[in-house]
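Novice: One structure is given below, represented as structure tokens, and several questions about it will come after.
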Amino acid sequence: MKDCCLILDGYALTYRAFFGVPDRIRTVKGKAINAVLGFYNTLSSLINQIHPDYLVVAFDLPQPTFRHLMYGQYKANRPPMPEDLKYQIPIIRQLLAAFKIPILELPGYEADDIVGTLTRCLPSDDTEAYIVTTDRDSLQLVNEQVSVLVPNSKENKIYTPPVVEHEWKVKPALIPDLKALMGDSSDNIPGIPLVGPKTAVKWLEKYGSLEEVLANAEQLPGKAGKNLRNNIDNAKLYKELATIKVNVPITWCWKSLKLVDDFSEVKDVLDEIGIMAKLPNTV
């Protein structure tokens, strides 16, 4: 039987929980714990459904990353973290510590880059990995060994290579090329003016990569082609911003990422927080 690894995008799941669970979920002192409850329910459900051998959570740090240094407007359109959520982050970390689930984070890089690096250094060629996130950036990491799992209370959505290609019309590895051309509003990457998804896909289908599209920019007709020719350097920058690093300088040992089959401390933390919830089944 193949080993299974769950790699969680900590903030993506925390935000999902915060906005998905009513904020009336509070402690007796009136402190919000809706994100904590939602995060716990997702984590517990994943453990029960998938029975992972390895489990790790990657978190972003508040400091700017190399992408912010390259492009000052990167993610500049995002509002600050709500105060009710900010208070809950240490509690979620406390909960993960009770599960004995390691947290990985690295100054100068995003959680995505840690996730990408983990997926390219799995314990064995037979290990199945699931990136658990709501962030579509991770779809570029999908291959025969790595899937993206978008959690849903009714039914999780699993992105395999065919699913990604069906929805995005390009192979997973070309998603950064696609975003460089058409932009990505969630990360505040503008893309090339007048180049939408259909045009970007058509160019990539014909030439195979952003680099080849740029090499043949003189052949591209209309205002979209002209705009590309006027934004060659920007297109290269946008691709670099959209590309997840898979070789960041982080050290870990897969043995330390093994899911520990003992949730006794979790019950104590839940009681302390004031959450009544069933513990996951033992793996």
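Read in order, the letters of the sequence shown correspond to residues 3 to 285 in my numbering.
Glycine residues also receive a C-beta, built at the ideal position from the N, C-alpha and C atoms.
1) Am I right that Tyr161 and Leu97 are in contact with their C-beta atoms under 8 Å? What's the rounded C-beta distance?
2) Can you grab the Cα-Cα spacing for the pair Val285 / Ala99, in whole Å?
3) Using DSSP's beta-bridge definition, name the partner residues of Ile9.
4) Would you mind listing the beta strand (DSSP E) stretches within the segment 118-166 that are 3+ residues and don't spill past its ends, in chain order?
5) Comparing alpha-carbon positions, which option in Ala37, Arg18 and Pro164 lies nearest Asp25?
6) Out of Ile94, Asn218, Val172 and Ala175, which has the shortest C-alpha to C-alpha gap to Ala19?
7) Relative to the C-alpha of Ser266, which candidate in Leu124, Pro64, Phe101 and Met278 has its C-alpha closest?
8) For the alpha helix (DSSP H) that contains His53, what are its first and last residues?
9) Got a sec, what are the start and stop residues for the alpha helix (DSSP H) Gly110 sits in?
10) Between Asp114 and Ser140, what straight-line distance do the alpha-carbon atoms span, to the nearest angstrom?
11) Are any of the Cβ atoms in chain B nearer than 8 Å to that of Ala226?
12) Evaluate Asn154 with the Cβ neighbour count: other Cβ atoms within 10 Å of its Cβ, from every protein chain shown; 16 or more gives buried, anything less gives exposed.
13) Assuming Leu183 contacts Ile194 under a Cβ cut-off of 8 Å, what Cβ separation, rounded to an integer in Å, is found between them?
14) Compare the beta carbon distance of Ile246 and Gln90 with 8 Å and say whether it is the shorter of the two.
15) CA-CA distance, Leu8 and Pro192?
16) Helix, strand or coil for Asp264 per DSSP?
17) Taking Leu87 as part of the alpha helix (DSSP H), name the residues at either end of that continuous run.
18) Report the rounded CA-to-CA distance for Leu39 versus Val144, giving the unit in angstroms.
19) Which class does Pro282 belong to by DSSP, given the choice of helix, strand or coil?
20) Let me know if Val250 comes out buried or exposed under the rule of 16 or more other beta-carbons within 10 Å of its beta-carbon.
21) Nearest to Leu239 by CA position, among Ile252, Phe68 and Pro199, is which residue?
22) Indicate whether Asp62 and Glu112 have their beta-carbon atoms separated by less than 8 Å.
23) Here's a check: name, in chain order, each residue in its chain whose Cβ is nearer than 7 Å to the Cβ of Val271, leaving out the five neighbours to either side.
Specialist: Walking through what the data contain:
1) As a first step, residue 161 is located in the sequence shown; it is residue number 159 there, counting from the start. As a first step, residue 97 is located in the sequence shown; it is residue number 95 there, counting from the start. Not a contact, Cβ separation roughly 27 Å.
2) Working through the sequence shown from its first residue, we reach residue 285 at position 283. Working through the sequence shown from its first residue, we reach residue 99 at position 97. With a pLDDT of only 49 at Val285, under the threshold of 50, the placement of this residue in the model should not be trusted, and no figure is reported.
3) As a first step, residue 9 must be located in the sequence shown, where it is residue number 7. Under DSSP, Ile9 takes part in a beta bridge, and its partners are Val58 and Ile133.
4) Fully contained in the segment 118-166 are the following beta strand (DSSP E) runs of length 3 or more, in chain order: 130-134, 148-152 and 159-161.
5) In the sequence shown, the residue the question calls residue 25 occupies position 23. Of Ala37, Arg18 and Pro164, the residue nearest in Cα terms is Ala37.
6) The sequence position of residue 19 within the sequence shown is 17, counting from 1. Looking at the Cα atoms, Ile94 is the closest of the given residues.
7) The residue you call residue 266 lines up with position 264 of the sequence shown. Ranking the options by Cα distance to Ser266, first place goes to Phe101.
8) If you number the sequence shown from 1, residue 53 lands on position 51. First-last for His53: undefined, no H or E at that position.
9) Taking the sequence shown and counting its residues from 1, the one referred to as residue 110 is at position 108. According to the DSSP assignment, Gly110 belongs to no alpha helix (DSSP H), since it is labelled neither H nor E.
10) If you number the sequence shown from 1, residue 114 lands on position 112. If you number the sequence shown from 1, residue 140 lands on position 138. One C-alpha to the other measures close to 7 Å.
11) As a matter of chain content, chain B is missing from the structure shown, which is built from one protein chain.
12) For the purposes of this step, residue 154 is taken as the residue at position 152 of the sequence shown. The residue is exposed, with fewer than 16 neighbouring Cβ atoms inside 10 Å.
13) Taking the sequence shown and counting its residues from 1, one reaches residue 183 at position 181. Taking the sequence shown and counting its residues from 1, one reaches residue 194 at position 192. 6 Å between Cβ atoms; contact.
14) By one-based count along the sequence shown, residue 246 stands at place 244. By one-based count along the sequence shown, residue 90 stands at place 88. Cβ distance not < 8 Å, so Ile246 and Gln90 don't count as in contact.
15) Along the sequence shown, read from residue 1 onward, the residue named residue 8 stands at position 6. Along the sequence shown, read from residue 1 onward, the residue named residue 192 stands at position 190. If you draw a straight line from the Cα of Leu8 to the Cα of Pro192, it is about 32 Å long.
16) Locating residue 264 in the sequence shown gives position 262, counting from the first residue. Reduced to three states, the DSSP call for Asp264 is coil.
17) Against the sequence shown, residue 87 aligns to sequence position 85. Counting along the chain, the alpha helix (DSSP H) containing Leu87 begins and ends at Glu85 to Lys88.
18) Here residue 39 is taken as the residue at index 37 of the sequence shown, counted from 1. Here residue 144 is taken as the residue at index 142 of the sequence shown, counted from 1. Those two C-alpha atoms are separated by around 29 Å.
19) Numbered from its first residue, the sequence shown carries residue 282 at position 280. Shown here, Pro282 sits in coil according to DSSP, grouped into three states, outside any helix or strand.
20) Reading the sequence shown from its first residue, position 248 is the one you call residue 250. Per the 10 Å Cβ criterion, buried.
21) By one-based count along the sequence shown, residue 239 stands at place 237. Closest by alpha carbon: Phe68.
22) Numbered from 1 along the sequence shown, position 60 holds the residue referred to as residue 62. Numbered from 1 along the sequence shown, position 110 holds the residue referred to as residue 112. Contact flag set, yes.
23) As a first step, residue 271 is located in the sequence shown; it is residue number 269 there, counting from the start. Shown here for Val271: same chain residues with a beta carbon closer than 7 Å to its own, the five before and five after excluded, namely Gln96, Leu97 and Ala100 in chain order.
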